[in-house]
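Novice: Following this message is one structure expressed as structure tokens.
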Amino acid sequence: MGIVSGLAAGVAYNMIRKLKTSEHPLVIVFYFPLVTLPVASIIMYFDWVMPQGWDWVMLLWIGFCTQSAQYFMTVAYQTGNLSRVSSLSYMGVLYALIFGFFLFGETFPLASYIGMALVLVGILLNLRVK
């Protein structure tokens with residue numbers, strides 16, 4: 056699943072780069088949810104939970120932040136060095152680790168931390184060499 060996910064992400068990022076001369080970033084961001092909506096709809100059909108109260112506010116905030124991040128990431132892929140921008144996207148692992156620990160008290164086995172460290176070292180080496 057990880058390899059297929061990485062391959063699909065690589066194809067998507069290269070497509071974004073190819074579309075830089077013909078499409079505005081907002082058009083690209085608009086079509087990402089439209090592609091995932093059919094798959095998400097099938098999954099939601101079997102496990103739907105109706106949001107209650109503040110859940111709606113949180114979902115709207117998450118949607119706003121996600122769309123904003125997707126827009127800026129699309130602009131970065133269209134204007135920046137593709138290998139450098141894609142390497143920096145893996146810094147999300149570090150942010151997720153920090154937020155998960157401080158906000159939710161999440162911890163992982165030692166092997167997970169070693170794997171995350173290897174990914175981060177690979178990122179730094181990639182940025183240093185290129």
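Just so we're aligned, residue 56 is where the sequence shown starts under the numbering used here, counting upward by one.
Note that CB positions come from ideal geometry on N, CA and C, so glycine has one too.
Keep in mind it's a predicted model, so treat the numbers as computed, not measured.
1) Are the Cβ atoms of Ile169 and Thr129 separated by less than 8 Å?
2) Are at least three pairs of beta-carbons, each pair with one atom in the segment 144-151 and one in the segment 174-183, less than 8 Å apart?
3) Would you call Gln107 buried or exposed, if buried means 16 or more other Cβ atoms sit within 10 Å of its Cβ?
4) Measure the C-alpha to C-alpha separation of Met99 and Leu89 and round it to an integer number of angstroms.
5) With distances taken between CB atoms, is the gap from Phe87 to Gln125 smaller than 8 Å?
6) Counting along the chain, where does the alpha helix (DSSP H) carrying Ser141 start and finish?
7) Residues in its own chain within less than 7 Å of Pro80 by CB, not counting five upstream and five downstream?
Specialist: In short, the structure shows the following:
1) no
2) yes
3) exposed
4) The alpha-carbon atoms of Met99 and Leu89 are separated by roughly 15 Å.
5) A contact, by the Cβ cut-off of 8 Å.
6) 137-144 is the extent of the alpha helix (DSSP H) around Ser141.
7) Tyr126, Thr129, Val130, Gln133
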